[in-house]
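Quick notes on the structure that follows.
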Amino acid sequence: MSSDNVPSDHLVLLLEPDHPCNTVITDRETGAVYYRVVTEHSEKNQESVTKVTNAQGKPVAQWVWRDVRSDILTFEGGKAMAASSWLSKSWVPFKDTATFKDLQGRGFKWKGNAPGLTLQLWSKDDKEHPVVTYKKSYRYNDHKFSPPKPVYDPATLTVSPLGQEILDMAIISFCLLEKDNRISGNSSTTMAASMAIPHTVHQIKVD
290 MSSDNVPSDH LVLLLEPDHP CNTVITDRET GAVYYRVVTE HSEKNQESVT
340 KVTNAQGKPV AQWVWRDVRS DILTFEGGKA MAASSWLSKS WVPFKDTATF
390 KDLQGRGFKW KGNAPGLTLQ LWSKDDKEHP VVTYKKSYRY NDHKFSPPKP
440 VYDPATLTVS PLGQEILDMA IISFCLLEKD NRISGNSSTT MAASMAIPHT
490 VHQIKVD
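This is how it looks when you write it as structure tokens:
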């Protein structure tokens with residue numbers, strides 16, 4: 290176990306910035322880049338597209354935002370489909386879960402898919418050990434110093450060995466769900482523009 294109680298076989302990924310639509314995902318220990326997530330917004334077409342690439346810069350997946358219906362998700366090498374046909378949100382009895390299957394047909398469930406809850410991915414075959422746990426970033430003042438020292442604790446995804454087997458799907462499903470959580474209660478069009486990188490302008494800095 291490490292100093293923050295993470296098992297040695299788990300991977301801890303940093304999300305900088307803490308943003309599901311524009312972020313660089315790196316290994317906390319080595320600094321190696323695992324994924325880049327970039328969202329582009331076209332004023333001309335009024336369309337936002339989120340793209341995920343891996344460490345080699347190769348496409349992993351992308352999805353086109355839609356205001357009412359499910360986003361259109363395309364895995365690299367696959368056909369476009371409604372994201373909800375792969376990542377299915379539950380409405381009864383719990384509204385804070387979403388499920389998907391990997392290429393081997395194994396079932397996984399995200400729990401805590403709502404603002405204020407801890408978002409975790411679980412295997413349907415293991416009810417005791419989460420596959421992925423998301424921790425939001427936060428800032429605080431360390432009063433052990435005088436004057437108090439500002440401290441920034443970055444967002445992390447803690448990934449078990451099983452999660453590392455399905456890492457692409459874990460990252461894609463996380464980004465899709467957390468994006469929806471962030472825009473909950475806001476206009477999708479307005480939020481998409483604020484989260485995205487306009488084609489004809491410049492990259493928007495995301496805090």
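Just so we're aligned: 356 in the numbering used here is position 67 of the sequence shown, and the numbers increase by one with no gaps anywhere.
The beta carbon of each residue, even a glycine, is placed where N, CA and C say it ideally should be.
In this structure, DSSP gives Phe463 a helical state, which the three-state scheme calls helix.
Across the structure, Asp360 and Glu336 are spaced so that their CA atoms are roughly 11 Å apart. Taken in chain order, the complete alpha helix (DSSP H) segments of 4 residues or longer contained in the segment 416-462 are 450-454. If you ignore the 5 residues before and after Asp457, its C-beta comes within less than 7 Å of the C-beta of Val349, all in its own chain and listed in chain order.
Beyond the five residues adjoining it in sequence on each side, Ala403 comes within less than 8 Å, by CB distance, of Lys384, Asp385 and Asn470 in the same chain, given in chain order.
In the same chain as Ser379, and ignoring 5 residues on each side of it, the C-beta atoms closer than 6 Å to its own belong to Thr386, in chain order. Counting only runs of at least 3 residues, the segment 324-397 fully encloses the following beta strand (DSSP E) elements, listed from N- to C-terminal order: 336-343, 348-353, 361-364 and 386-390.
Here DSSP, grouped into helix, strand and coil, assigns Lys468 to helix. Excluding the 5 residues flanking it on each side, Tyr423 has same chain C-beta neighbours closer than 6 Å at Leu408 and Leu446, in chain order.
Within the model, the alpha-carbon separation for Trp354 versus Glu329 is close to 10 Å. In summary, Thr312 is buried, with 16 or more beta-carbon neighbours lying within 10 Å of its beta-carbon over all protein chains present.
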